[in-house]
Every structure is written in structure tokens, then in C-alpha cells.
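**Q** Sharing a structure, written as C-alpha cells. Questions coming.
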């Protein structure tokens, strides 16, 4: 006889809708600029390695699509959380 054990979901999720703020869409799909450093975008890419994951963080200037800052870490940093004093360091 086969028996199945009911497994509870080990992940717990919170409703964050009450904490969200509505902000203006300043870019509005207009990514072109005529001066450097006017519109900057962030990106995160991850690579799977034998030792785990590597996360590549970058800031891209929309003027010439050049990476103006980048950093590689062995763990994921949330870019949506509130900042601390250590977050003001240059990448």
C-alpha cells in the first residue's frame, strides 16, 4: 500500500500591496538621451558555477549603452530594499 505524506509549503509569503508606493513613470519607454548620465539603468545577471552562483551587478548609461559601474558578488543583493549607511559605497 502506498502512502503519501502531505507536505506543507516551507515558504511563507507576505502581502506587500499595502506597503507599495505608486511612483511616476518618468522614463515612459523613452530611453534616448542626448547627454551622458541622464538616464541610468541597473541590471543583475547570474551565472551558475560549480561553487554556486555568481551575481553580476551593473549600472548602464542610456546615452551610449556603456557600463559605468559593475560588481561581482557570490550572493544576491536586493536592490528594492531600504538602504543602509554601508550602501552608499561606490561599486
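In this note's numbering, the protein residues as written are 526 to 616.
For every residue, glycine included, the Cβ atom is placed at its ideal position computed from N, Cα and C.
(1) With a threshold of 8 Å, are at least 3 pairs of Cβ atoms found where one atom belongs to the stretch 582-600 and the other to the stretch 562-573?
(2) Roughly how many whole angstroms lie between the Cα atoms of residue 600 and residue 573?
(3) Let me check one thing: in DSSP terms, what residues is residue 593 bridge-paired to?
(4) Across which residues does DSSP place residue 585 in a beta bridge pair?
(5) Looking at residue 581: is its Cβ nearer than 8 Å to the Cβ of residue 597?
(6) Going straight from the alpha carbon of residue 579 to that of residue 602, what length do you get?
**A** On the basis of the coordinates in this document:
(1) Pairwise C-beta distances place the stretch 582-600 in contact with the stretch 562-573, as three or more of them are shorter than 8 Å.
(2) On the chain shown, position 75 is the one that residue 600 refers to. On the chain shown, position 48 is the one that residue 573 refers to. Between residue 600 and residue 573, the C-alpha separation is close to 12 Å.
(3) Residue mapping note: residue 593 aligns to position 68 of the chain shown, counting from 1. Answer is none; residue 593 lacks a bridge partner.
(4) Residue numbering aside, residue 585 sits at position 60 when the chain shown is read from its first letter. Beta-bridge pairing links residue 585 to 566 and 592.
(5) Mapped onto the chain shown, residue 581 falls at position 56. Mapped onto the chain shown, residue 597 falls at position 72. Against a cut-off of 8 Å, the Cβ pair of residue 597 and residue 581 comes out as a contact.
(6) For the purposes of this step, residue 579 is identified with residue 54 of the chain shown, where counting begins at 1. For the purposes of this step, residue 602 is identified with residue 77 of the chain shown, where counting begins at 1. The alpha-carbon atoms of residue 579 and residue 602 are separated by roughly 11 Å.
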